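In the numbering used here, the protein residues as written are 46 to 373.
No residue lacks a Cβ here, since even glycine has one placed at the ideal position from N, Cα and C.
Quick caveat, the model's predicted, so the values are computed rather than measured.
Below is one structure, written out as structure tokens, with a few remarks after it.
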């Protein structure tokens, strides 16, 4: 009798698992494309879950947007050099973690990059490099060490007038993390939040296989040079193969070093695997700025973080625990 009951239970479990189907919706949020995929028993449940994720991402955008004059981030920027601004603990904690990443990367990642003068143009209009003097001046108000946090009242103060913070290199990853966590709390067994390449996964596909991420070949975007499994984690790819300028035979990417004002060079693609998209997002940008050798060295010192770098001449470099069998 017990064996019969177990057999029925297993049969019901298999039927339930097979009844789960994958549902996907593409929307524009935070100025970017979001692909939200959930595994659910029917389209009604799936659409309810996707609506929940969209609401959460929209809430985060309203909190961290530097373009929305009503946001707390805008209020911080408006009061730079004037007075500290008390903010929600969620935003305070995000800024605090951002400063920790700045220290970890020696300033290669810096949310005060928003203070930079936009002297570099990557729309084809630049005919010559900016002068060394203007490049130096463009980052005069950049510096994460000029951001003062007060945990006792969760206030944020930018020391110099004209300073600004922005979350362009971490915001979408954070939103993907929050949407994932909320859906998991709601009982969604599996899914993907893809925020324009900032991917966060949990669970498995309906056939029991792990989710897989294709690493695009930046020299031929129609092809992928690797297909890697990802389980309950995040992967972020940053690339400069679309936005760059070339002067005197040297290629400069749109990702600019906030410490110097010069665009990064030597790398055309960075992919980072991490437990959370927020961290993967920030580190992908940082590796671009730090360069191949320093970037890989830093990644290899971090637990549960891996990285794939493609240089501007097409060579592939990986952190210690990644093995790739490419088609090349």
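Item to check | Cβ neighbours of residue 77 in the same chain (closer than 8 Å, five flanking residues each side left out) | outcome: One-based indexing of the chain shown puts residue 77 at position 32. The residues are 217, 240, 241.
Item to check | Own chain partners of residue 151 with C-beta closer than 7 Å, once the 5 adjacent residues on each side are dropped | outcome: The sequence position of residue 151 within the chain shown is 106, counting from 1. There are no such residues.
Item to check | Distance between residue 334 and residue 164 (C-alpha atoms, nearest Å) | outcome: The residue given as residue 164 occupies position 119 in the chain shown. The residue given as residue 334 occupies position 289 in the chain shown. Going by the C-alpha atoms only, they are around 18 Å apart.
Next on the checklist: With distance defined between alpha-carbon atoms, name the residue in 293, 280, 367, 337 nearest to residue 222.
Outcome noted: Position 177 of the chain shown holds residue 222. Of the listed residues, the one whose Cα sits closest to residue 222 is 280.
Checklist entry - Cα separation between residue 94 and residue 293? => result In the chain shown, the residue the question calls residue 94 occupies position 49. In the chain shown, the residue the question calls residue 293 occupies position 248. So the alpha carbons of these two residues sit roughly 52 Å apart.
Checklist entry - Quick one, which of 349, 363, 358 has its alpha-carbon nearest residue 417's? => result For residue 417 there is no data in the structure shown, the boundaries of the chain being 46 and 373.
Item to check | residue 188 burial status per 10 Å Cβ neighbour count (16 or more: buried) | outcome: Here residue 188 refers to the residue found at position 143 of the chain shown. The residue is buried, with at least 16 neighbouring Cβ atoms inside 10 Å.
Item to check | Supposed contact pair residue 336 and residue 180 - C-beta distance, whole angstroms, cut 8 Å | outcome: Numbered from 1 along the chain shown, position 135 holds the residue referred to as residue 180. Numbered from 1 along the chain shown, position 291 holds the residue referred to as residue 336. Wrong, their Cβ atoms sit about 18 Å apart, outside the cutoff.
Checklist entry - Is the beta carbon of residue 203 sitting closer than 8 Å to the one on residue 121? => result Taking the first residue of the chain shown as position 1, residue 203 is located at position 158. Taking the first residue of the chain shown as position 1, residue 121 is located at position 76. In this structure, residue 121 lies closer than 8 Å to residue 203 by Cβ.
Checklist entry - Considering only the beta carbon of each residue, do residue 160 and residue 186 sit closer than 8 Å? => result Position 115 of the chain shown, counted from the start, is the residue given in the question as residue 160. Position 141 of the chain shown, counted from the start, is the residue given in the question as residue 186. Contact: yes.
Item to check | Proximity winner among 89, 131, 75, relative to residue 112 (alpha-carbon distances) | outcome: Here residue 112 is taken as the residue at index 67 of the chain shown, counted from 1. If we check each option's Cα against that of residue 112, 75 comes out closest.
Checklist entry - Measuring CB to CB, does residue 156 end up less than 8 Å from residue 211? => result For the purposes of this step, residue 156 is taken as residue 111 along the chain shown, with counting starting at 1. For the purposes of this step, residue 211 is taken as residue 166 along the chain shown, with counting starting at 1. Result yes, Cβ atoms of residue 156 and residue 211 sit closer than 8 Å.
Next on the checklist: Assuming contact is defined by CB atoms lying nearer than 8 Å, are residue 133 and residue 117 in contact in what I supplied?
Outcome noted: Numbered from its first residue, the chain shown carries residue 133 at position 88. Numbered from its first residue, the chain shown carries residue 117 at position 72. For residue 133 and residue 117, yes; Cβs fall inside 8 Å.
Item to check | Beta-bridge partners of residue 351, as assigned by DSSP | outcome: Locating residue 351 in the chain shown gives position 306, counting from the first residue. Answer is 318.
Next on the checklist: Beta-carbon within less than 6 Å of residue 171's beta-carbon, same chain only, minus the 5 sequence neighbours each way: which residues are those?
Outcome noted: Translated into the one-based positions of the chain shown, residue 171 becomes position 126. Excluding positions up to five away in sequence, the list reads 290.
Checklist entry - Does DSSP put residue 356 in a helix, in a strand, or in coil? => result Stepping through the chain shown from its first residue, residue 356 is reached at position 311. Three-state result, residue 356: strand.
Item to check | Cutoff 6 Å; reference residue 317; Cβ partners in own chain excluding five residues on either side | outcome: Taking the first residue of the chain shown as 1, we reach residue 317 at position 272. Here the set comprises 281, 325, 328, 329, 352.
Checklist entry - How is the alpha helix (DSSP H) around residue 298 delimited, first residue to last? => result Here residue 298 refers to the residue found at position 253 when the chain shown is read from its first residue. Segment 295 to 298 is the beta strand (DSSP E) holding residue 298; no alpha helix (DSSP H) there.
Item to check | Under 8 Å between C-beta atoms of residue 320 and residue 359 | outcome: Here residue 320 refers to the residue found at position 275 when the chain shown is read from its first residue. Here residue 359 refers to the residue found at position 314 when the chain shown is read from its first residue. With contacts defined by Cβ atoms closer than 8 Å, residue 320 and residue 359 do not form a contacting pair.
Checklist entry - What do you get for residue 245, buried or exposed, if any count of 16 or more other CB atoms within 10 angstroms of its CB means buried? => result In the chain shown, counting from the first residue as 1, residue 245 sits at position 200. Counting every other CB atom within 10 Å of its CB across the protein chains shown gives residue 245 a total of 16 or more, marking it as buried.
Item to check | Cβ separation of residue 140 and residue 201, assumed to be a contact under 8 Å, to the nearest whole Å | outcome: Along the chain shown, read from residue 1 onward, the residue named residue 140 stands at position 95. Along the chain shown, read from residue 1 onward, the residue named residue 201 stands at position 156. With 8 Å as the limit, residue 140 and residue 201 qualify as a contact, their Cβ atoms being about 6 Å apart.
Checklist entry - On the three-pair Cβ rule with 8 Å, is the region 245 to 257 touching the region 86 to 100? => result no
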